[in-house]
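Notes follow the structure.
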Amino acid sequence: MDLQWLLNLIHQYGSAALFFALWLGIVGMPIPDELIVMGGGLVASTGLLHTVSAFVMTYLGVVSGLSIGFVVGRRVGAPVLEKLARKKKIGRYFVRAQDLLNSWGEWSLCLSYFLPVVRHLVPYLVGVARMPFRRYALYSYGTGLVWTSVFFLIGYWFGDQVDQIAATVHTYGLYALGIVGVGALVVGLVRFGGRKYTTK
Numbered sequence: 001m002d003l004q005w006l007l008n009l010i011h012q013y014g015s016a017a018l019f020f021a022l023w024l025g026i027v028g029m030p031i032p033d034e035l036i037v038m039g040g041g042l043v044a045s046t047g048l049l050h051t052v053s054a055f056v057m058t059y060l061g062v063v064s065g066l067s068i069g070f071v072v073g074r075r076v077g078a079p080v081l082e083k084l085a086r087k088k089k090i091g092r093y094f095v096r097a098q099d100l101l102n103s104w105g106e107w108s109l110c111l112s113y114f115l116p117v118v119r120h121l122v123p124y125l126v127g128v129a130r131m132p133f134r135r136y137a138l139y140s141y142g143t144g145l146v147w148t149s150v151f152f153l154i155g156y157w158f159g160d161q162v163d164q165i166a167a168t169v170h171t172y173g174l175y176a177l178g179i180v181g182v183g184a185l186v187v188g189l190v191r192f193g194g195r196k197y198t199t200k
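Sequential numbering of the sequence shown, starting at 1, is according to UniProt numbering.
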């Protein structure tokens, strides 16, 4: 599934499509989260969706989807974790998530946002560890706002390249995000500066 699949959903259901596509990400959507968020920015740039409402629904979808993992971890606990960890396709991601948590503790909630699949598993692990919800929200929701803003703006500014950008970030994670994020920031500042100059 690609960007066209997402655009068709948005055309039918509006901003709600962004929310539910991200909210259901924990059960495995056929499209990367990064592409969904950038797709929201792309559609907002065309005027099909109001920019603010599209961003708000996107952000709520991101944090709600990850919060499901946290709640499930607290309610269900280790038995499900052990069962999932034995599955070949997801087991290696559980190892990465656990290593990240062991190395960085609570900060793993921030770092995991930039690691596909792992971002959905770390909230589950801290839920199993009985982290207080307020502490979870402090680390996860703030980082979620930054993460959503970065990819939403990339989609808004570079709409015709979101497929390639999403594939690169999904493959190389933090390294690609750093390059893309800095590039987007530079372009944004140049555009803002040029617009400000022309209005004088």
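Where is the CB? At the ideal position from N, CA and C, for every residue including glycine.
Please read all numbers here as calculations on a predicted model, not as lab measurements.
In this structure, does DSSP put Glu31 in helix, strand or coil?
It is Ile, not Glu, that sits at residue 31 in the sequence shown. Secondary structure of Ile31 (DSSP, three-state): coil.
When you compare each of Leu42, Leu22, Trp23 to Gln161 by their alpha carbons, which one comes out closest?
Comparing Cα positions, the closest option is Leu42.
Which of the three DSSP states is assigned to Met131 in this structure?
coil
Straight-line CA distance for Gly47 to Asp33?
The alpha-carbon atoms of Gly47 and Asp33 are separated by roughly 22 Å.
Kindly confirm or deny that the segment 9-20 and the segment 119-133 touch, where touching means at least three C-beta pairs closer than 8 Å.
no
May I have the straight-line CA-CA distance separating Ala129 from Gln98, to the nearest angstrom?
11 Å
Could you tell me the alpha carbon to alpha carbon distance between Trp107 and Leu153, rounded to whole angstroms?
24 Å
To the nearest angstrom, how far is it from the Cα of Arg119 to the Cα of Tyr93?
10 Å
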